[in-house]
Amino acid sequence: MAKGEHLTEEFRKINPLQLLPVLVLQDGTVLNDSQAICEYLDRVYGERSVMGNDVVQRAQVCSIRRAAEFEVLYNFMLAFQHSHPSKAHRVDQVPEFASKSIARAEKALPYFNNILKDKDYLVGNQLSYADIVLYIGLDFGRVLKFDPTAHGEGIARFYNAMNERFGFKK
Numbered sequence: 001m002a003k004g005e006h007l008t009e010e011f012r013k014i015n016p017l018q019l020l021p022v023l024v025l026q027d028g029t030v031l032n033d034s035q036a037i038c039e040y041l042d043r044v045y046g047e048r049s050v051m052g053n054d055v056v057q058r059a060q061v062c063s064i065r066r067a068a069e070f071e072v073l074y075n076f077m078l079a080f081q082h083s084h085p086s087k088a089h090r091v092d093q094v095p096e097f098a099s100k101s102i103a104r105a106e107k108a109l110p111y112f113n114n115i116l117k118d119k120d121y122l123v124g125n126q127l128s129y130a131d132i133v134l135y136i137g138l139d140f141g142r143v144l145k146f147d148p149t150a151h152g153e154g155i156a157r158f159y160n161a162m163n164e165r166f167g168f169k170k
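Counting in full-length UniProt numbering, the sequence shown runs from 1 upward without gaps.
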């Protein structure tokens, strides 16, 4: 992604949208959405499902994942688009929109901190897709000089544990 390989003509043959992630199955089927990829992997390989182990957990994962996606990840992505020089060619940047988007993401964090105050994961006792989305959102905020660990003990513990597990090493 950092090298822009997904923007090449060769990659366009795999995914005309030139977006990541992409999973190409053995039969040539292309899955180009993270949730679709997780659903596929869950059903093919999942003893412990990141989408939830029963109908209630599946509903909880879906609900909390959507909140993480739309309130945290989406708002940090909007802030990035409207403030980072690398996006100036793609978007008519409105700096005030960036600050309002960060504020909206920050406003949602007490909800997640409350869930995480006494537990390691958002749903159940194992990693779920909701955890992955929240972590990606918080880490995206970090790119904007937003410190995820300054927004409650639950979020700080969660972010540090997820970063240890999945974070990019510098």
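Cβ atoms here follow ideal geometry from the backbone N, Cα and C, with glycine treated the same way. All figures in this text were calculated on a predicted structure; none of them were measured in a lab.
Kindly indicate which residue of Leu-109, Asp-139, Tyr-121 has the alpha-carbon position closest to the one of Gln-57. For the purposes of this step, residue 57 is identified with residue 57 of the sequence shown, where counting begins at 1. Among Leu-109, Asp-139, Tyr-121, the Cα nearest to that of Gln-57 is on Tyr-121.
CA nearest to the CA of Asn-113, picked from Val-133, Val-22, Tyr-159: Working through the sequence shown from its first residue, we reach residue 113 at position 113. Checked all of Val-133, Val-22, Tyr-159; the closest Cα to Asn-113 is Tyr-159.
Could you check if residue 171 is buried or exposed, using at least 16 other CB atoms within 10 Å of its CB as the buried criterion? The question about residue 171 has no answer, for the chain in this structure spans 1 to 170.
How should Glu-69 be labelled, buried or exposed, when 16 other C-beta atoms within 10 angstroms of its C-beta is the threshold for buried? In the sequence shown, residue 69 corresponds to position 69, counting from 1. The residue is buried, with at least 16 neighbouring Cβ atoms inside 10 Å.
What three-state label does DSSP hand His-6 in the structure shown? As a first step, residue 6 is located in the sequence shown; it is residue number 6 there, counting from the start. The answer is helix: DSSP assigns His-6 an H, G or I state.
Taking 6 Å as the limit between beta carbons, can you name the residues of its chain near Glu-71, skipping five residues before and five after? Position 71 of the sequence shown, counting from 1, holds the residue named residue 71. Around Glu-71: Ala-108.
Looking at C-alpha atoms only, which residue of Lys-87, Phe-76, Gly-137, Val-123 is the closest neighbour of residue 172? Summary: the structure shown does not reach residue 172, with the chain confined to residues 1 through 170, and so no result is reported for it.
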